[in-house]
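Student: Each residue of the sequence shown is one higher than the one before, counting from 1378 in my numbering.
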Amino acid sequence: MIEHFDVLIVGAGLSGIGAGYHLQTACPKKTYAILEGRGAIGGTWDLFRYPGIRSDSDMYTLGYNFKPWREAKAIADGPSILNYVRETARENGIDQHIRFHHMVKRASWSSENAQWTVEVERGTEKEPVRFTCSFLFMCSGYYDYATGYDPKFTGIEQFKGRIVHPQFWPEDLDYKNKRVVVIGSGATAVTVVPEMAKDAAHVTMLQRSPTYVVSLPAEDKMANWLRQRLPPMLGYQIVRWRNVLLQMYFYSRARKYPEKVKNYILKLVQKELGPDYDLTQFTPRYNPWDQRMCLVPDADLFQMIREGKASVVTDHIESFSEEGLKLTSGRELEADIIVTATGLQLRVLGGMQVTVDGKPVELPKAMTYKGMMFSDVPNLASAFGYTNASWTLKCDLTCEYVCRLLNYMEARGFTMCMPRRDPAVAEAPWLNLTSGYIKRVEHMLPRQGAEAPWKLHQNYALDMMALRYGKIDDGTMEFSTPDRASMRTQESIRAAA
Ligand SMILES: Cc1cc2nc3c(=O)[nH]c(=O)nc-3n(C[C@H](O)[C@H](O)[C@H](O)COP(=O)(O)OP(=O)(O)OC[C@H]3O[C@@H](n4cnc5c(N)ncnc54)[C@H](O)[C@@H]3O)c2cc1C
1378 MIEHFDVLIV GAGLSGIGAG YHLQTACPKK TYAILEGRGA IGGTWDLFRY
1428 PGIRSDSDMY TLGYNFKPWR EAKAIADGPS ILNYVRETAR ENGIDQHIRF
1478 HHMVKRASWS SENAQWTVEV ERGTEKEPVR FTCSFLFMCS GYYDYATGYD
1528 PKFTGIEQFK GRIVHPQFWP EDLDYKNKRV VVIGSGATAV TVVPEMAKDA
1578 AHVTMLQRSP TYVVSLPAED KMANWLRQRL PPMLGYQIVR WRNVLLQMYF
1628 YSRARKYPEK VKNYILKLVQ KELGPDYDLT QFTPRYNPWD QRMCLVPDAD
1678 LFQMIREGKA SVVTDHIESF SEEGLKLTSG RELEADIIVT ATGLQLRVLG
1728 GMQVTVDGKP VELPKAMTYK GMMFSDVPNL ASAFGYTNAS WTLKCDLTCE
1778 YVCRLLNYME ARGFTMCMPR RDPAVAEAPW LNLTSGYIKR VEHMLPRQGA
1828 EAPWKLHQNY ALDMMALRYG KIDDGTMEFS TPDRASMRTQ ESIRAAA
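(1) Can at least three beta-carbon pairs, one atom from the stretch 1507-1519 and one from the stretch 1445-1457, be found at a separation below 8 Å?
(2) Just to confirm my understanding: we take Gly-1414, look at its own chain, exclude 5 residues before and 5 after, and list those with CB closer than 6 Å. What are they?
(3) Does the stretch 1685-1703 come close enough to the stretch 1561-1577 to have 3 or more Cβ pairs within less than 8 Å?
(4) Can you tell me whether Gly-1728 sits near ligand 1, meaning its C-beta is under 7 Å from at least one heavy atom of the ligand?
(5) Report whether the distance from the Cβ of His-1479 to the nearest heavy atom of ligand 1 is below 7 Å.
(6) At which residue ranges does the stretch 1749-1774 contain complete beta strand (DSSP E) runs of 3 or more residues, listed in the order of the chain?
(7) For the stretch 1662-1697, list the alpha helix (DSSP H) runs that are entirely contained and at least 4 residues long, ordered along the chain.
(8) Closer than 7 Å by C-beta to Val-1567: which residues in its own chain qualify, once you throw out the five before and the five after it? Chain order, please.
(9) Please list the segments of the alpha helix (DSSP H) lying wholly inside the stretch 1557-1626, counting only runs of 4 or more residues, in order along the chain.
(10) Going by the DSSP bridge assignment, what does Met-1515 pair with across the sheet?
(11) Three or more C-beta pairs closer than 8 Å, one from the stretch 1620-1640 and one from the stretch 1457-1469: is that the case here?
(12) Are there three or more Cβ pairs, one per stretch, closer than 8 Å when the stretch 1700-1720 is compared with the stretch 1757-1773?
(13) Give the DSSP bridge partners of Val-1497, in chain order.
(14) What residues in its chain sit with their C-beta under 6 Å from that of Ala-1760, if we drop five residues either side in the sequence?
(15) In chain order, what residues of the same chain lie with their CB nearer than 8 Å to the CB of Gly-1651, ignoring the 5 residues before and after it?
(16) Say whether the stretch 1475-1495 touches the stretch 1692-1702, bearing in mind that this needs 3 or more beta-carbon pairs closer than 8 Å, one atom from each stretch.
(17) Would you say Gln-1722 and Asp-1521 are within 8 Å of each other, going by their C-beta atoms?
(18) CB of Cys-1516 to nearest heavy atom of ligand 1: below 7 Å?
(19) Starting from the Cα of Asn-1664, find the closest Cα among Ile-1642, Ile-1458, Gln-1624, Trp-1422 and give me that residue.
(20) Should Arg-1415 be counted as a contact of ligand 1 given a C-beta to heavy atom distance under 7 Å?
(21) Below 6 Å CB to CB, which residues in the same chain sit around Trp-1546 once its five sequence neighbours on both sides are set aside?
(22) Using only CA atoms, which one of Asp-1851, Lys-1537, Thr-1501 lies nearest to His-1478?
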């Protein structure tokens, strides 16, 4: 027997649990299940276990709009975030809807039945199981869980020490008094370096090119003050909006006046590291927000550099050696442990194969609609966060929109909705960052359009207008109730032709 649900959510991370909450709140009559490939709730916040794992945005915007963040630290550690996601699932009964160890492999849409057939591998035996659903909501994150990005380094097999990728941190790794080299200077590297430096003999952050690093207080004094005096939701919403507006302000300043913002950031770094520090180590070749900025709480990275426990080297790796790394400058870095913080392997729709009426969907040929659906793909949405602000801001709005869409269709008896591609709308790359991990897979990603509703705003206020208040029937989204008999006739005519 094939189980049917009104909605199937794929993924029980921050987005999937949020989607469950919105769905059961705004569409209480809809049946739903969450299919999760792993054996735990939390996604990213359960997978990553490297030392110091934390958010790099504040929890007032990374938290859900419906559940106040109550901890003192605004830049929170991984276990606290995991606890927040699990608590949300538990206190709302969302955990009862999760099917663990259900890895979704394929989804096939049938217009005749107005439903998806979802093929799953269950458990370690990979037992094939099928579900059907009327709407498929992908909350599967944006990267491959099975592999990180591992550039092919020459001579890696010669190294006598230990090599560790942050995505697969070994529980038994003892780095006390060891010499550590961390390859990379992204969000993971700037987290792991100061944390390991507390116990290691020395940690070197080896970067090919610098990244913008900005320090913020880990605790938000105003938020903590308000929490003591106002009802939790009121205080939370005030701080959330303040942070949203500040982020939008800084982002727009960075885009309009890149030189000014660059100088401002570098001045802050110089203040932290002193006048004699070689600032080129923190001076990227690109403008602020061409790539995601790195945030460090309470200047912890700078503190470790000041204390001589950590240092930064900008160079290229020629090869690994028995003792460590040989760099193109001729310099050698000796190490007991090398951490390859070289990044993630991007992946959309959880690596699932998708067909619509037997035809494979080619994502690079599709255009994203409101940053959450794909042109000519019916009844499917995907939760994908911002590149310049917290992930959950966009996901909450996406969930609200999906619920409005489902209720709209229910009220009018429609069973199918599909954003119809307008060939006149010019294409643009989907994501507006120049980061390596995006550029590497750009050819596999969908496109965005030059104008609404195909344009990705990366702006919470604009998205709120479009997703929370915008018209559902906007002239681009097509609604229908396919009539089985006439579809069968059309199909046989097509087959005969
Ligand atoms: C180390 C790290 C730190 C981050 N810090 C921040 C931050 O501070 N601020 C911010 O805004 N963003 C941050 N991000 C981005 C972060 O991933 C999101 O904020 C958020 O956690 C994503 O939640 P998600 O539920 O959409 O995806 P995920 O957390 O990736 O969860 C996806 C879930 O879907 C499951 N899944 C995937 N494919 C399938 C499939 N085919 N079948 C079944 N299940 C599947 C996975 O097992 C997983 O449980 C960070 C990312 C990383 C890696």
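Glycine included, C-beta positions come from ideal geometry on N, C-alpha and C.
Tutor: Answer, in terms of the structure:
(1) no
(2) Met-1480
(3) Short answer: they touch.
(4) yes
(5) True, at least one ligand heavy atom lies under 7 Å from that Cβ.
(6) 1757-1759
(7) Listed in chain order, they are 1677-1683.
(8) Around Val-1567: Val-1590, Cys-1671, Val-1673, Leu-1678.
(9) Qualifying alpha helix (DSSP H) stretches, in chain order: 1564-1574, 1598-1606.
(10) Val-1387, Ser-1759
(11) no
(12) no
(13) According to the DSSP secondary-structure assignment, Val-1497 is paired through a beta bridge with Val-1481, Val-1506.
(14) Ser-1392, Cys-1516, Cys-1772, Thr-1775
(15) Arg-1683
(16) Short answer: they don't touch.
(17) In contact: Gln-1722 and Asp-1521 (Cβ atoms closer than 8 Å).
(18) Taking 7 Å as the cut-off, one finds at least one heavy atom of ligand 1 near enough to the beta carbon of Cys-1516.
(19) Closest option to Asn-1664, Cα to Cα, is Ile-1642.
(20) At a cut-off of 7 Å, the beta-carbon of Arg-1415 counts as near ligand 1: some heavy atom of the ligand is closer than that.
(21) Arg-1426, Tyr-1427
(22) Thr-1501
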